[in-house]
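Asks:
In my numbering, the protein residues as written are 1 to 332.
The structure is reproduced here in structure tokens:
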């Protein structure tokens, strides 16, 4: 019997693991990973985590019997993969899920910004105010959308954008020329940022693209550009974005992810004194973003539809069973 520790999982979802992983000892918690948690379960052989849990070197060392880390996500930047591999521990992920889900959410953010939907709803619900004077928006038709990253999600964003009558400029280090159309063309990153009215990010986070959207990049963008990010918070230099929003160079932002969002989600760490100065600065910056007008921030839910989350759970279960049967798949 293999001991499996599943973190970041609410009670209603545990039945999926019970049904798919019969014959094993499964321990659940709705908490993020912590050294205290791991020290209580040192005999864990399989660890399943969501992106809100950082699996550090210290976490890995706390589990001497660990054989497999299961990321319930595509991105694995929250896991020290190289250290895990050096200890003979396999890391697997959910290679594909939610391509339509995240693309649709991208436009949910964009339409909220372009038509002031959130502002209008709050104005009516909280104040009973039906005055439309401050709620003018803009059309997507005829605008240029810059799509950075044309993997499965990015391609769906391109498809939807053309349905709105938008011109699309795309950038990818491995361009798929088969998706080009009369209104959707690949361009260099500099050409894309200079031409786009709205820019949306759909690339994984790597050390190489840390702060892909920097002060230098923003300076090349159109005055009043809108920025959408449903990928990873660290792709955007938060300080540069704040400055550009405050100056008006960036007209608005729709952010489902934030730089340092794991710190933001557990602010009691501040009270416990366990945050570094860098993490504290990230929390403060993110708080300022939340309060700015024409900025919509959601709690990393672009992936979170019934269909997509079902894919995540089932693929994670399949990954565990495949590994335990000696035929691992989706190995990083």
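All C-beta atoms, glycine included, are put in the ideal place defined by N, C-alpha and C.
Quick caveat, the model's predicted, so the values are computed rather than measured.
1) I want to know whether the stretch 176-186 touches the stretch 205-220 - three or more CB-CB distances under 8 Å.
2) Going along the chain, which residues of its own chain have a beta-carbon closer than 6 Å to the beta-carbon of residue 266, five neighbours each way excluded?
3) Alpha carbon to alpha carbon, what distance is there between residue 261 and residue 272?
4) Do you know offhand how far residue 142's Cα is from residue 91's?
5) Using the three-state DSSP reduction, which class does residue 116 fall into: helix, strand or coil?
6) Hey, residue 201 and residue 148: beta-carbon distance below 7 Å or not?
7) Do you know offhand how far residue 133's Cα is from residue 223's?
8) Counting C-beta neighbours from all protein chains within 10 Å, is the total for residue 287 16 or more, i.e. buried, or is it exposed?
9) If you draw a straight line from the alpha carbon of residue 77 to that of residue 320, how long is it in whole angstroms?
10) Near residue 215, which residues of its chain fall below 6 Å by C-beta distance, leaving aside the five closest residues on each side in sequence?
11) Taking the beta carbon of residue 301 as the centre, do at least 16 other beta carbons fall within 10 Å, making it buried, or is it exposed?
12) At the level of alpha carbons, what is the spacing between residue 192 and residue 168?
13) To the nearest angstrom, how far is it from the Cα of residue 18 to the Cα of residue 4?
14) Looking at the secondary structure, which residues open and close the alpha helix (DSSP H) in which residue 191 lies?
15) Excluding sequence positions up to five away, which residues of its chain have a Cβ less than 7 Å from the Cβ of residue 102?
Replies: With the given structure in hand:
1) no
2) Note on residue 266: pLDDT 49, under 50, position unreliable in the model; no value is reported.
3) Low local confidence applies: a pLDDT of 43 at residue 272 is under 50, so the model's placement there is unreliable, and no value is given.
4) 44 Å
5) coil
6) yes
7) 23 Å
8) exposed
9) 20 Å
10) 240
11) exposed
12) 9 Å
13) 11 Å
14) 189-195
15) 153, 230, 302 and 303
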